[in-house]
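Worksheet: one structure, shown below.
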Ligand SMILES: [Zn+2]
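Numbering (the working numbering), first residue to last: 509 to 662.
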């Protein structure tokens, strides 16, 4: 690499009047943002992409995550009405406040897992689901389901 200003051996890179140039040490004083030339480009690239790959893989969790279902309010209300229980009666069975139950049924308050578990047991409904997050776990499940479906068909 040659200095683009005087044609000596360049050891630095820098910006001269908006252009990035290879520069020798003596010319680098005219430049801004000077830095040492980075020579072995292929090695640098490989290191960088390996780091990028491991970074991309890192956030994908293997375990499914528990979530409250989106239509929890409707599920609770319907199950309660099916049993002809008032909100107060259900609240007493759960040992929770009637006001909390009312908010849950109005879709205003997402029940905590603790309350949701009690609702599930008392009303025999499902409020907590395991969400497969994108990543290895989701792919594994999809494949397993496909194989299971094929076996069922046969
Ligand atoms: Zn120079």
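Positions of the beta carbon are idealized from the N, C-alpha and C atoms, including for glycine. In this text, all values refer to a predicted model and were calculated from it rather than measured experimentally.
Own chain partners of residue i with C-beta closer than 6 Å, once the 5 adjacent residues on each side are dropped
i, result
"residue 610", "595"
"residue 588", "598"
"residue 601", "630"
"residue 619", "612"
Residue i to residue j span [Cα, whole Å]
i, j, result
"residue 528", "residue 522", "6 Å"
"residue 535", "residue 541", "13 Å"
"residue 593", "residue 616", "20 Å"
"residue 624", "residue 613", "12 Å"
"residue 606", "residue 640", "33 Å"
"residue 579", "residue 526", "58 Å"
"residue 590", "residue 581", "14 Å"
"residue 539", "residue 511", "12 Å"
"residue 524", "residue 516", "17 Å"
Exposure of residue i, with buried meaning 16 or more beta-carbon neighbours within 10 Å
i, result
"residue 514", "exposed"
"residue 537", "exposed"
"residue 603", "exposed"
"residue 585", "buried"
"residue 632", "exposed"
Sequence-distant residues of its chain with Cβ nearer than 8 Å to residue i (five each side left out)
i, result
"residue 663", "The structure shown has nothing for residue 663, since the chain only spans 509 to 662."
"residue 577", "583, 634, 635, 636, 637"
7 Å CB neighbourhood of residue i in its chain, flanking five on each side removed
i, result
"residue 672", "Past the boundaries of the shown model lies residue 672; the chain is included only from 509 to 662, so the question cannot be answered."
"residue 509", "518, 530, 545"
Problem - Any residue whose CB is nearer than 6 Å to a heavy atom belonging to ligand 1, listed in chain order - result: 511, 513, 514, 516, 531, 532, 534, 535
Exercise for the section: With a floor of 4 residues, list each alpha helix (DSSP H) that falls wholly inside the stretch 600-627, ordered by position along the chain. Expected result: 606-613
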